[in-house]
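Participant: Those sequence lines, one after another, are chains A and B.
In this text, residue positions in the first sequence follow my numbering: the first is 42, and each later residue adds one.
In this text, residue positions in the second sequence follow my numbering: the first is 531, and each later residue adds one.
What follows is a structure written as structure tokens; I'll ask about it next.
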Amino acid sequence: MSKKSRSKIWFLVHSWLALPIWFFVLIVCVTGTLAVLSQEIVWLANPSMRASQPTDDAPRLSYQQVIEAINKAEPLTVVQSISRPDGAHFALDVGVSYPDGRSVVVYVNPYSGVIQGVAPEFNFQAFTRALHGWWLVPFTNGYSWGWYLVSFLGLPLLASLVTGLVVYKRFWKGFFRPTLRFRHGARIFWGDFHRLSGIWSIWFIAVISITGTWFLIQALLFDNQISISTETNLPSMSREAVPLSADGTPPPRIDLDRAIAIAAQEIPGLEASFVSLPGNAYSHLEVGGRGWYPLMFQTAALNPYNGEVDALRLISDRSALEFVTESMRPLHTGDFGGIWIKLIWAFFGLLLSMMVLSGLLIWTKRTALATANAFRRNNKKSPMATRNELSEAGL
Amino acid sequence: MSNVTTIPCRSRLKALWHKWRFHLNILLLLIPLGFMPAYFADEAMERGDNGLGERDVGDIQVGPWSLRLAEMHDAAPTLDGLAGYMKEFNAALCDTCIGQVKATYLRIGKPRSLRTAGAIFSGSPYRMGTELPVPMKTPPDAELWITMEGWDGILHQASIPLRRASQATIAWLNAQGGKP
């Protein structure tokens, strides 16, 4: 097979990869882009999620002060978790349980401890993530088949990147001589756009397709009961670890700030970004935050009665394999370094969505024809037809 | 002979594929639309908007204390990997016992000691949940035992027929041909 007809095949493979499910691929890209910014979108829409610093030097309340403020304002409300989103402009997310049995997230001002509102019933963040992540197909036994459906797209996306670079001859030249011709008709414009955004998105498409493929592998491993985790399940605390009280009242628990201080002794540089309160009398108090490597959390599980640290999960505890695999999710979502990284991810997510669209537009204008020609050539072996297609293979 | 019959058949398939291939998109988009009501119903259930669970079992007196029990889903136990079949129950402690009850456990069959009291409830006293293992060989007339432990170490127990706690589980056990 000649070099030219080989590149022709690569071109056809590239053209057909996302088809005929292009609209599905487009919606997955668009929902993914929305999911990256979902927290910010809710922040814009919902004033109670915002936290404005009253004065420039106003200090943030400690976790213990926050829980005390909530207990004072609503003595019957049970606080189950407190988490501080990345970014000073967000209110704290506090998971609470009400006497009527509802479990909700309330937004609490980190400077005053005031409960600013209850998270709306329609959870936009969770919805976009569920739509993008598993196409809303419920998880029943193991991973949902919607998860497989979406994560499988990582493979054609990776193949699109590779074949795209093969057919785009000397693509690196595009970095130095960017071409985007506006006045030569729609086909030329979309072709230029597809190539130009393609080369600048190489890193992003590689990240998204590799991490997406990892999600597929992750589901396959889990559903086949294969574990690569070095983390052991922390058993409940023993009966001896929980004090008995003669008068039948619950024994006092250590305060949250003390718990964080104890955890910080074990985890140097810990900036606690969440606290999970014990779920029952024998479970641990968990404290965690990002470490020096922003893609991973470090956590400590403490006995809430005496403050003993029963388990630690540090970055250094991860195996080399886990270091890679645990980095996959934050790399996919762009949720590891605040608003700027999210904006970069969302921008390239939008660009990727546009590439699906522009790819389709190019396809309707050219590939259908080229494929028909290729079939004709195979059937007739006519030199005329071959010449026609090869001129199109230049994309 | 075979060539004569397969070629038109194949080309008909090809024609069908050509005509309908882009309708795959519509099918794929119908999936989340179809699951959307179930998704929102599930979210509301998790949040507790529709009460303790899908099916209320009622108040159960356990010594001086009581709790309200509910099935999270009015459905058969679900397979949880190697752990076997699990059935989710939710419970709410009575208002006066919230400060006194240290832990609440659920088990099929009478526990011999506190060590084997069963699955512990987790969550807030207003709505806590547990996953009860249901062995496939459970007899349909089995009893569901509730053990409650006080902060001073005192124990109280009560039992109700499994049939009262979850009719769906009994139906499932019968379908498995569960024998004692």
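Glycine is no exception: its CB is placed at the ideal position from the N, C-alpha and C atoms.
Which two residues bound the contiguous beta strand (DSSP E) that contains residue 104 of chain A?
Facilitator: Your numbering for residue 104 of chain A matches position 63 in the first sequence. Premise fails: residue 104 of chain A lies in the alpha helix (DSSP H), 104-114, not in any beta strand (DSSP E).
Participant: Select from B/632, B/636, B/667 and B/657 the residue whose C-alpha is nearest the C-alpha of residue 682 of chain B.
Facilitator: Working through the second sequence from its first residue, we reach residue 682 of chain B at position 152. When each option's Cα is compared against that of residue 682 of chain B, the closest is B/632.
Participant: State the beta-bridge partners of residue 589 of chain B as determined by DSSP.
Facilitator: As a working note, residue 589 of chain B is residue 59 in the second sequence. Residue 589 of chain B pairs with B/598.
Participant: Starting from the N-terminal side, write out each stretch of the beta strand (DSSP E) that is 3 residues or longer and does not extend beyond the segment 335-380 of chain A.
Facilitator: You should have 338-343 and 350-354.
Participant: What would DSSP say about residue 545 of chain B, mapped onto helix, strand or coil?
Facilitator: What you label residue 545 of chain B is simply residue 15 of the second sequence in a count that begins at 1. Residue state, collapsed to three classes: helix.
Participant: Roughly how many angstroms separate the alpha carbons of residue 574 of chain B and residue 102 of chain A, rounded to a whole number?
Facilitator: The sequence position of residue 574 of chain B within the second sequence is 44, counting from 1. The sequence position of residue 102 of chain A within the first sequence is 61, counting from 1. The alpha-carbon atoms of residue 574 of chain B and residue 102 of chain A are separated by roughly 32 Å.
Participant: Closer than 6 Å by C-beta to residue 238 of chain A: which residues in its own chain qualify, once you throw out the five before and the five after it? Chain order, please.
Facilitator: Here residue 238 of chain A is taken as the residue at index 197 of the first sequence, counted from 1. The answer, listed in chain order, is 392 and 396.
Participant: Could you tell me the distance, in whole angstroms, from the CA atom of residue 429 of chain A to the CA atom of residue 558 of chain B?
Facilitator: Sequence index remark: in the first sequence, residue 429 of chain A carries index 388 (1-based). Sequence index remark: in the second sequence, residue 558 of chain B carries index 28 (1-based). A caution first: residue 429 of chain A carries a pLDDT of 41, below 50, which makes its placement in the model unreliable, though a value can still be read off. Rounded to the nearest angstrom, the two C-alpha atoms are 36 Å apart.
Participant: Please list the segments of the beta strand (DSSP E) lying wholly inside the segment 120-184 of chain A, counting only runs of 3 or more residues, in order along the chain.
Facilitator: Within the segment 120-184 of chain A, the complete beta strand (DSSP E) runs of at least 3 residues are 133-138, 144-149 and 156-159.
Participant: Taking a contact to mean a Cβ-Cβ separation below 7 Å, would you say residue 613 of chain B touches residue 656 of chain B in this structure?
Facilitator: Residue mapping note: residue 613 of chain B aligns to position 83 of the second sequence, counting from 1. Residue mapping note: residue 656 of chain B aligns to position 126 of the second sequence, counting from 1. It is not a contact, given that the beta carbons lie outside the stated cut-off.
Participant: Between residue 563 of chain B and residue 547 of chain B, what straight-line distance do the alpha-carbon atoms span, to the nearest angstrom?
Facilitator: Position 33 of the second sequence holds residue 563 of chain B. Position 17 of the second sequence holds residue 547 of chain B. The alpha-carbon atoms of residue 563 of chain B and residue 547 of chain B are separated by roughly 24 Å.
Participant: Between which residues of its own chain and residue 282 of chain A is the CB-CB distance below 7 Å, once the five residues before and five after are set aside?
Facilitator: For this step, residue 282 of chain A is matched to residue 241 along the first sequence. Hits under 7 Å: 344.
Participant: Return the residues of the segment 616-647 of chain B that lie within a Cβ-Cβ distance of less than 7 Å from chain A, sorted by chain order.
Facilitator: The segment 616-647 of chain B vs chain A, Cβ under 7 Å: 622, 629, 630, 632 and 633.
Participant: Can you tell me where the alpha helix (DSSP H) holding residue 687 of chain B begins and where it ends?
Facilitator: Walking along the second sequence from the start, residue 687 of chain B turns up at place 157. Taken as a continuous stretch (DSSP letters only), residue 687 of chain B belongs to no alpha helix (DSSP H), being part of the beta strand (DSSP E) at 685-691.
Participant: Look at the alpha carbon of residue 357 of chain A and the alpha carbon of residue 244 of chain A, and state the distance between them as a whole number of angstroms.
Facilitator: Taking the first sequence and counting its residues from 1, the one referred to as residue 357 of chain A is at position 316. Taking the first sequence and counting its residues from 1, the one referred to as residue 244 of chain A is at position 203. Distance between the alpha carbons of residue 357 of chain A and residue 244 of chain A is about 27 Å.
Participant: Examine the Cβ distances between the segment 320-331 of chain A and the segment 133-143 of chain A and report whether three or more of them are shorter than 8 Å.
Facilitator: Output reads no: the segment 133-143 of chain A does not touch the segment 320-331 of chain A.
Participant: Going by DSSP, what residue range makes up the alpha helix (DSSP H) through residue 560 of chain B?
Facilitator: In the second sequence, the residue the question calls residue 560 of chain B occupies position 30. First-last of the alpha helix (DSSP H) with residue 560 of chain B: 553-577.
Participant: Please report whether the beta-carbon of residue 80 of chain A lies at a distance below 7 Å from any beta-carbon of chain B.
Facilitator: Along the first sequence, read from residue 1 onward, the residue named residue 80 of chain A stands at position 39. Closer than 7 Å: no.
Participant: How long is the line joining the alpha carbons of residue 591 of chain B and residue 695 of chain B, rounded to whole angstroms?
Facilitator: Sequence index remark: in the second sequence, residue 591 of chain B carries index 61 (1-based). Sequence index remark: in the second sequence, residue 695 of chain B carries index 165 (1-based). If you take the alpha carbons of residue 591 of chain B and residue 695 of chain B, they lie about 14 Å apart.
Participant: Would you check if the distance between the CB atom of residue 304 of chain A and the CB atom of residue 341 of chain A is smaller than 7 Å?
Facilitator: Here the question's residue 304 of chain A lines up with position 263 in the first sequence. Here the question's residue 341 of chain A lines up with position 300 in the first sequence. Contact: yes.
Participant: Distance check for residue 658 of chain B and residue 572 of chain B, CA to CA, integer angstroms please.
Facilitator: The count along the second sequence starts at 1 and reaches residue 572 of chain B at position 42. The count along the second sequence starts at 1 and reaches residue 658 of chain B at position 128. About 17 Å.
Participant: May I ask which residues mark the beginning and end of the beta strand (DSSP E) holding residue 653 of chain B?
Facilitator: As a working note, residue 653 of chain B is residue 123 in the second sequence. Its beta strand (DSSP E) spans residues 652-654.
Participant: For the beta strand (DSSP E) holding residue 619 of chain B, just list the boundary residues, first then last.
Facilitator: Counting from one through the second sequence, the residue named residue 619 of chain B turns up at place 89. Run containing residue 619 of chain B: 615-623, per the beta strand (DSSP E) assignment.
Participant: How big is the Cα-Cα spacing for residue 175 of chain A and residue 374 of chain A?
Facilitator: As a position in the first sequence, residue 175 of chain A is number 134, starting the count at 1. As a position in the first sequence, residue 374 of chain A is number 333, starting the count at 1. Each residue's Cα considered, the two are about 15 Å apart.
Participant: DSSP beta-bridge partners for residue 635 of chain B?
Facilitator: For the purposes of this step, residue 635 of chain B is taken as the residue at position 105 of the second sequence. DSSP, once it has assigned bridges, lists B/650 and B/677 as partnering residue 635 of chain B.
Participant: Would residue 80 of chain A be called buried (16 or more neighbouring beta carbons within 10 Å of its own) or exposed?
Facilitator: Position 39 of the first sequence holds residue 80 of chain A. Residue 80 of chain A is buried by the Cβ-count criterion.
Participant: Which partner residues does residue 316 of chain A have in the DSSP bridge list?
Facilitator: Taking the first residue of the first sequence as position 1, residue 316 of chain A is located at position 275. Looking at the DSSP assignment, residue 316 of chain A forms a beta bridge with A/123 and A/328.
Participant: Would you kindly work out how many angstroms separate the C-alpha atoms of residue 141 of chain A and residue 580 of chain B, rounded to a whole number?
Facilitator: For the purposes of this step, residue 141 of chain A is identified with residue 100 of the first sequence, where counting begins at 1. For the purposes of this step, residue 580 of chain B is identified with residue 50 of the second sequence, where counting begins at 1. Each residue's alpha carbon lies about 10 Å from the other.
Participant: Helix, strand or coil: which one does DSSP assign to residue 91 of chain A?
Facilitator: Numbered from 1 along the first sequence, position 50 holds the residue referred to as residue 91 of chain A. It is a strand residue.
Participant: Is the beta carbon of residue 235 of chain A sitting closer than 7 Å to the one on residue 400 of chain A?
Facilitator: Position 194 of the first sequence, counted from the start, is the residue given in the question as residue 235 of chain A. Position 359 of the first sequence, counted from the start, is the residue given in the question as residue 400 of chain A. Against a cut-off of 7 Å, the Cβ pair of residue 400 of chain A and residue 235 of chain A comes out as a contact.
Participant: Within 10 Å of its beta-carbon, does residue 707 of chain B have 16 or more other beta-carbons around it, so buried, or fewer, so exposed?
Facilitator: As a first step, residue 707 of chain B must be located in the second sequence, where it is residue number 177. With fewer than 16 Cβ atoms within 10 Å of its Cβ, residue 707 of chain B is classed as exposed.
Participant: Indicate whether the contact test is met: 3 or more Cβ pairs, each with one atom in the segment 375-384 of chain A and one in the segment 65-85 of chain A, closer than 8 Å.
Facilitator: Yes: at least three Cβ pairs fall under 8 Å.
Participant: Whole angstroms are fine: how far does the CA of residue 578 of chain B sit from the CA of residue 608 of chain B?
Facilitator: Within the second sequence, numbered from 1, the residue matching residue 608 of chain B stands at position 78. Within the second sequence, numbered from 1, the residue matching residue 578 of chain B stands at position 48. Whole-angstrom Cα-Cα distance: 20 Å.
Participant: Using a cut-off of 8 Å between C-beta atoms, extract the partners of residue 119 of chain A located in chain B.
Facilitator: Residue mapping note: residue 119 of chain A aligns to position 78 of the first sequence, counting from 1. Going along chain B in sequence order, the residues near residue 119 of chain A (Cβ under 8 Å) are 654, 655 and 656.
Participant: Using three-state DSSP, classify residue 629 of chain B as helix, strand or coil.
Facilitator: Looking up residue 629 of chain B in the second sequence gives position 99. DSSP places residue 629 of chain B in coil when its eight states are reduced to three.
Participant: I'd like to know whether the C-beta atoms of residue 123 of chain A and residue 152 of chain A end up nearer to each other than 7 Å.
Facilitator: Numbered from 1 along the first sequence, position 82 holds the residue referred to as residue 123 of chain A. Numbered from 1 along the first sequence, position 111 holds the residue referred to as residue 152 of chain A. For residue 123 of chain A and residue 152 of chain A, no; Cβs fall outside 7 Å.
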